Amino acid sequence: MSNSLTQRLFPSGVILETLEDLSRAEPLTARELQLVSKAVPKRVDEFRAGRHCARHALRKLGIENFELLKGPNREPIWPAGVVGSISHSEKYAAAAVASSKVVKSLGIDIERAKPLADGLCHTIATPDEIRMVTTLPGDRPWDTLLFSAKESFYKAWFPLTRKVLEFHDVRVDIEPIAERFRIQILKEEYPPLNIIGRFVFTEDMIWTSATVQHCD
Ligand SMILES: CC(C)(COP(=O)(O)OP(=O)(O)OC[C@H]1O[C@@H](n2cnc3c(N)ncnc32)[C@H](O)[C@@H]1OP(=O)(O)O)[C@@H](O)C(=O)NCCC(=O)NCCS
């Protein structure tokens with residue numbers, strides 16, 4: 203699954219590792235374990251599964267046994283010269299990494315392919331986006347895709363800028379046939395970024411990615 207997913211979600215040079223059964227994840231290091239010492243077992247499992255995927259992905263970049271700590275905003279602290287992102291659902295964990303020479307930043311997100319809970323759409327989507335979602339074809343949970351697109355974008359955005367964004371600060375346009383989405387930052391103080399958003403529906407999941415490319 204990982205190979206075709208990687209190609210559908212990311213430009214070449216990005217490595218994606220996924221794990222389907224979270225209980226198969228390798229142990230955390232002592233310092234990583236410390237980061238979740240007060241967490242409930244489910245959270246420890248997903249944290250370990252994300253780190254497992256990250257370590258396997260980093261190995262493919264030639265970086266062995268990297269201890270992946272986190273910053274004050276929960277963001278993973280990747281090795282120098284590496285950009286990356288982690289996501290987990292109850293069923294899957296995934297980590298994507300790349301050399302910072304290949305892409306400027308990246309984000310990944312996984313959600314269950316089911317509609318958002320009642321009322322959530324208005325929290326995460328602008329009126330324009332809600333209108334856009336209702337015009338999209340097929341029996342797909344486009345509202346959840348919209349949410350996931352914003353989550354993956356935020357994971358790419360934050361390490362670059364260290365600025366918090368609200369859901370209504372960006373506009374997502376979904377291109378269903380191309381399996382892509384466009385993201386526009388609506389706050390004028392931020393310079394435009396060259397972002398590629400992609401998505402994949404698998405049997406019961408939605409996978410989204412946001413890649414910030416270097417400008418030529
Ligand atoms: C950070 C956030 C996007 C994570 O998404 P989530 O659905 O809770 O969970 P996921 O499993 O998909 O991703 C969690 C992983 O994201 C990563 N992450 C968390 N905060 C991050 C940040 N500030 N920057 C980059 N990555 C971050 C972590 O690796 C985390 O896993 P870990 O704690 O096990 O290491 C979300 O919790 C959040 O804070 N959202 C609010 C901000 C937002 O999305 N705004 C939208 C504006 S467009």
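Our numbering puts the first residue of the sequence shown at 203, with every later residue one more than the last.
Backbone N, C-alpha and C define an ideal beta-carbon position, used for all residues, glycine too.
These figures come from a predicted structure and were not determined experimentally.
A Cβ-Cβ distance of about 5 Å is found for the pair Ile326 and Phe349, placing them in contact under the 8 Å criterion. Here the distance from the Cβ of Tyr294 to the nearest heavy atom of ligand 1 is not below 7 Å. Residue pairing by DSSP puts Ala412 in a beta bridge opposite Gly309 and Gly399.
Secondary structure of Leu263 (DSSP, three-state): coil.
Straight-line spacing of the CA atoms in Ser291 and Arg314 works out to 8 Å. By the Cβ rule, the stretch 355–364 counts as touching the stretch 408–417, because three or more pairs are nearer than 8 Å. For Ile332, there is no enclosing beta strand (DSSP E); the enclosing alpha helix (DSSP H) has its first and last residue at Pro329 to Thr337. In this structure, Ile217 lies near Leu263, with their beta-carbon atoms less than 8 Å apart. Counting only runs of 4+ residues, the alpha helix (DSSP H) found wholly inside the stretch 228–260 occupies 232–237, in chain order. Around Ala351, the same chain offers Val374, Phe383, Gly399 and Thr410 as residues with beta carbons nearer than 6 Å, after the five sequence neighbours per side are excluded.
At a threshold of 7 Å, Leu230 does not count as near ligand 1, since its beta carbon sits no closer than that to any of the ligand's heavy atoms. Excluding residues up to 5 positions away in sequence, Ala296, Ile310, Asp311 and Ile312 lie with their Cβ nearer than 6 Å to the Cβ of Ser289 in the same chain.
From the listed residues Pro213, Ala298 and Arg233, the smallest Cα separation to Leu221 is found for Ala298. Between the C-alpha atoms of Thr346 and His416 there is a straight-line separation of about 28 Å. Excluding residues up to 5 positions away in sequence, Ile217, Glu219, Ala297 and Val299 lie with their Cβ nearer than 6 Å to the Cβ of Ala259 in the same chain. For Ser225, there is no enclosing alpha helix (DSSP H), as DSSP marks it with neither H nor E.
Under the three-state reduction of DSSP output, Leu211 falls in the helix class.
In the three-state reduction of the DSSP assignment, Ser354 falls in the helix class, which pools H, G and I.
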